[in-house]
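Chains as they are written, first to last, in the numbering used here: chain A, 1 to 166; chain B, 1 to 166; chain C, 1 to 166. Backbone N, C-alpha and C define an ideal beta-carbon position, used for all residues, glycine too. None of the values given here were measured: they were computed from a predicted structure.
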Amino acid sequence: MFKQPSIIHESAIIGAGTKIWAFSHVCENAVIGENCVIGEGVHIGPGVVIGDNCKIQNHALLYTGVTIGNRVFIGPNVVTTNDIDPQACGDWSERFRKTIIADDVAIGANSTILCGITIERGCRIGCGSLITKDCKAWHRYYNPNTQALQMAEMTTPTNGTIRIEP
Amino acid sequence: MFKQPSIIHESAIIGAGTKIWAFSHVCENAVIGENCVIGEGVHIGPGVVIGDNCKIQNHALLYTGVTIGNRVFIGPNVVTTNDIDPQACGDWSERFRKTIIADDVAIGANSTILCGITIERGCRIGCGSLITKDCKAWHRYYNPNTQALQMAEMTTPTNGTIRIEP
Amino acid sequence: MFKQPSIIHESAIIGAGTKIWAFSHVCENAVIGENCVIGEGVHIGPGVVIGDNCKIQNHALLYTGVTIGNRVFIGPNVVTTNDIDPQACGDWSERFRKTIIADDVAIGANSTILCGITIERGCRIGCGSLITKDCKAWHRYYNPNTQALQMAEMTTPTNGTIRIEP
């Protein structure tokens, strides 16, 4: 048993009633509202702003430049970005873009949000989405292609080995 | 060097020979069988049941409502879900769905499993899949669209800067 | 406040000026060059080689068999693999494949790299990609399907409940 090893920078502001689980990191000057739940292994970058009554699920990565409204659901493994064309070296200040996630938005697990984007109020984003454009208020977005996985039959295994028919 | 800071709830049952790596969290009333390997940063939610001889890879997130059989491979960053339409606020008990992952299933890295789904015995799910429907026994599923990434040529860099032809 | 609980194996070689953030694990015989930044919750498997001046973002999982050049950007939640058809049990040595990520490559967030692949110098991989084939030098790859999320209108909420029109 290990006691909640989270890292919360002393300059971060955390609202009353907000709970932060283990292995998370809240960076300098981040602001989190009241009655939020911040899951495990979450990264909240410098200066990120999160409103009240949000749920930020496990392993979500919210980078500098993101502003999140009230009553927002951020699913597990969701990543926001802030560089339109990242590289390992050099100045990237001209590639930095902000992202706005408005009130009442819900973003499904394992989704990726490109930067410079506004997700308007009440949007619902399906799991496994890659958001590349602004999303209109009170609309639902999902990737139709992922609904149609291709299927191939396998022969039943013998001796614990599964053979695949080509 | 840091000694294995995992969090294992005292009510969880862990079978003989099972190894749990660092930064993981096994919640209350979870049951894990024998000879499993649970990777780093894994979340095993309250009441989750996992059989024997499973490999749960790093950062897999297995939420309440999931039952996993024997000899199952769960790839890195795989997420299961348990809410058909998540929101940050309010009662969600009517949206809760269970998920069954049967014996001998293998799920590739970065896949997302919607809830209310049964993945039957011996299925193999390709990396980066979004599973939205039941999967038949001894079949292989993968996303054909992801095989066809689009390609655009870039000019070679000068002075360490990469210029992209529009 | 919690002091950097990372796990670095004593046999790993870490170059001068390289910084490793919290909750990360550098395994035995891994070699990391100079002036790299290794984010939070990163896994660097046994024998993985990383060059100089790389940025490995949060929660990237780099498994045994991967060789990474200089000035490489690995985005958050990126996963490399090393087994062409993983299963929980049995010998997998014949399924092991190496992966090469050459100098100046940048891989976007939440991408998955199948194994046995070479990503040649200067490639840029868009966020949320599944890389299944070799990538040619100085080319850009992205998934065209993910640009076209499907959209469905919702009615505005009443009493805090969002109703979806079927």
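Between the alpha carbons of R140(A) and C54(A) lies a gap of roughly 19 angstroms. Between T18(B) and E34(B) a beta carbon distance of about 6 angstroms is seen, short of the 8 angstroms cut, so the two are scored as contacting. Bridge partners of D103(B) according to DSSP: none are assigned.
Contact check for V78(A) against V66(A) fails: the beta carbons are separated by 7 angstroms or more.
DSSP places R121(C) in the coil class of the three-state scheme, outside both helix and strand. Within its own chain, the residues whose Cβ lies closer than 6 angstroms to the Cβ of G75(B), once the five positions on either side in sequence are excluded, are Q57, I107, G108 and A109, listed in chain order. Here R71(C) carries a coil assignment [DSSP, helix/strand/coil].
Here P86(A) is not near T64(A), since their CB atoms are 7 angstroms or more apart.
Contact check for A30(A) against I44(A) passes: the beta carbons are separated by less than 7 angstroms.
Minimum Cα-Cα distance from Y142(B) among the listed residues G128(B), G15(B) and I113(B) corresponds to G128(B). Neighbours of N58(C) in chain A, taken as residues whose beta carbon is under 8 angstroms from its own, are H43 and L61 in chain order.
Put simply, the CB of F96(B) is far from chain A, with every gap to its CB atoms at 7 angstroms or more. With at least 16 other beta carbons inside 10 angstroms of its own, A88(C) counts as buried. The shortest CA-to-CA distance from I68(B) to any of R95(B), E94(B) and C36(B) is the one to C36(B). In the DSSP annotation of this structure, H9(C) is not part of any beta strand (DSSP E), being labelled neither H nor E. Around T18(A), no beta-carbon contact reaches into chain C at under 8 angstroms, the shortest distance being about 17 angstroms. Under the 7 angstroms criterion on CB atoms, N53(C) is classed as interfacial with respect to chain A. No residue range can be given for Y63(B), since it is assigned to no beta strand (DSSP E) and is classified by DSSP as neither H nor E. For C127(C), the C-beta contacts it makes with chain A under 7 angstroms involve T81, T112, L114 and L130, in order along the chain. Chain C places no beta carbon closer than 7 angstroms to that of C36(A), leaving this residue out of the contacts. Using a Cβ-Cβ cut-off of 9 angstroms, A102(C) is close to nothing in chain B; its nearest Cβ partner there is about 13 angstroms away. When only Cα atoms are considered, E10(B) and E28(B) end up about 7 angstroms apart. In this structure, the alpha-carbon of T112(A) lies about 31 angstroms from that of I32(B).
A straight-line Cα-Cα distance of about 9 angstroms links R97(C) and L114(C). By the neighbour-count criterion, in which 16 or more other beta carbons inside 10 Å mark a residue as buried, A60(B) falls on the buried side. Chain order gives no chain B residues near A12(A), where near means a beta carbon separation below 8 angstroms; the closest approach is about 20 angstroms. Membership of R140(C) in the beta strand (DSSP E) is indicated by the continuous run H139 to Y142. The shortest CA-to-CA distance from R71(A) to any of D103(A), I20(A), G90(A) and I131(A) is the one to D103(A). Minimum Cα-Cα distance from W138(A) among the listed residues I125(A), G116(A), I131(A) and E94(A) corresponds to I125(A). For V78(A), no Cβ of chain B is located within less than 7 angstroms of the residue's own Cβ. Think of a sphere of 8 angstroms around the beta carbon of R121(C): no beta carbon from chain A falls inside it, the nearest being about 13 angstroms out.
In this structure, the alpha-carbon of V42(C) lies about 28 angstroms from that of D83(B).
Proximity of F23(A) to chain C, defined by a Cβ-Cβ separation below 7 angstroms, is satisfied.
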